[in-house]
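Undergrad: Numbering (numbering that gives the first Met the number 0), first residue to last: 0 to 120.
Built from N, CA and C at the ideal position, the CB exists for glycine as well.
In this text, all values refer to a predicted model and were calculated from it rather than measured experimentally.
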Amino acid sequence: MDVPNDLGADGAALWTSVTAEIELNPSELEQLRAACRAADMVAELTAALVGEPMTARGSMGQLITHPLIQERRMWDAQLGTLLRGLKIPDKPDSEIDLARKRNRSEQNRANVSVRYKRGGI
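1) Which residues share a DSSP beta bridge with Leu128?
2) Relative to the alpha-carbon of Asp9, which residue among Glu43, Val49 and Glu29 has its alpha-carbon at the smallest distance?
3) Can you say whether Met59 is buried or exposed, counting buried as having 16 or more other CB atoms within 10 angstroms of its CB?
4) Using 8 Å for Cβ pairs, my map puts Val41 next to Asp5. What's the rounded Cβ distance?
5) CB Pro52 to CB Arg32, shorter than 8 Å?
6) What residues in its chain sit with their C-beta under 7 Å from that of Gln30, if we drop five residues either side in the sequence?
7) Hey, out of Ile68, Ile63, Ala38 and Thr64, whose CA is closest to Leu48's CA?
8) Between the Cα of Ala38 and those of Thr64, Ser16 and His65, spot the shortest distance and give me the residue it belongs to.
9) Grab me the residues of Ile63's own chain with a C-beta within less than 8 Å of its C-beta, minus the 5 sequence neighbours each way, in chain order.
10) Assuming Ala34 contacts Leu78 (C-beta within less than 8 Å), just tell me the rounded distance between them.
11) How close, in whole Å, do the beta carbons of Thr45 and Arg71 come, if the pair is a contact with beta carbons under 8 Å?
Listed below in structure tokens is the structure:
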């Protein structure tokens, strides 16, 4: 699947690694695209923090955590949420992953078949 042209290097790498292994439906592709944009933002913020101090001065002169650190933490959390929502399997050789590689209708047929064999239907 072609990498969307609005993604940076980190987002494109994430897109390629996921779509090479798993077939996603259109809504999952949109969620992956959002995750890829989040990965790009994390990379940008990480690069912006290079050489920066961990703290900054607040509006009243108090010492605060550098605002980019807080922003990066927020984007890290967003990326994690989006990736968890895709339910990407951890182990590429597991049965779950092999089933995930099938398209949705094949998977549904397989699930019904398993339930039928167990007497669940």
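TA: Quick look at the numbers:
1) For the chain, the structure presents residues 0 to 120; residue 128 sits outside this window and is missing.
2) Indexing the sequence shown from 1 puts residue 9 at position 10. Among Glu43, Val49 and Glu29, the Cα nearest to that of Asp9 belongs to Glu43.
3) Numbered from its first residue, the sequence shown carries residue 59 at position 60. Exposed, by the Cβ-count rule.
4) Sequence index remark: in the sequence shown, residue 41 carries index 42 (1-based). Sequence index remark: in the sequence shown, residue 5 carries index 6 (1-based). Contact doesn't hold; Cβ gap of about 16 Å is too wide.
5) Here residue 52 corresponds to residue number 53 of the sequence shown, with the count starting at 1. Here residue 32 corresponds to residue number 33 of the sequence shown, with the count starting at 1. Pro52 is not a Cβ neighbour of Arg32, given a cutoff of 8 Å.
6) Start at 1 with the first residue of the sequence shown, and residue 30 comes out as number 31. If we look at Gln30 and ignore the five residues flanking it on each side, its Cβ neighbours are Leu81, Gly84 and Leu85.
7) For this step, residue 48 is matched to residue 49 along the sequence shown. Residue nearest to Leu48 within the set Ile68, Ile63, Ala38 and Thr64 is Ile68 (criterion: CA-CA distance).
8) Translated into positions along the sequence shown, residue 38 becomes position 39. Ranked by how close their Cα comes to the Cα of Ala38, the residues Thr64, Ser16 and His65 have Ser16 in first place.
9) Mapped onto the sequence shown, residue 63 falls at position 64. The answer, listed in chain order, is Thr54, Ala55, Arg56 and Gly57.
10) Looking up residue 34 in the sequence shown gives position 35. Looking up residue 78 in the sequence shown gives position 79. About 6 Å separates the Cβ atoms of Ala34 and Leu78, confirming a contact at the 8 Å cut-off.
11) Position 46 of the sequence shown, counting from 1, holds the residue named residue 45. Position 72 of the sequence shown, counting from 1, holds the residue named residue 71. At roughly 6 Å, the Cβ-Cβ gap stays under 8 Å, so Thr45 and Arg71 are in contact.
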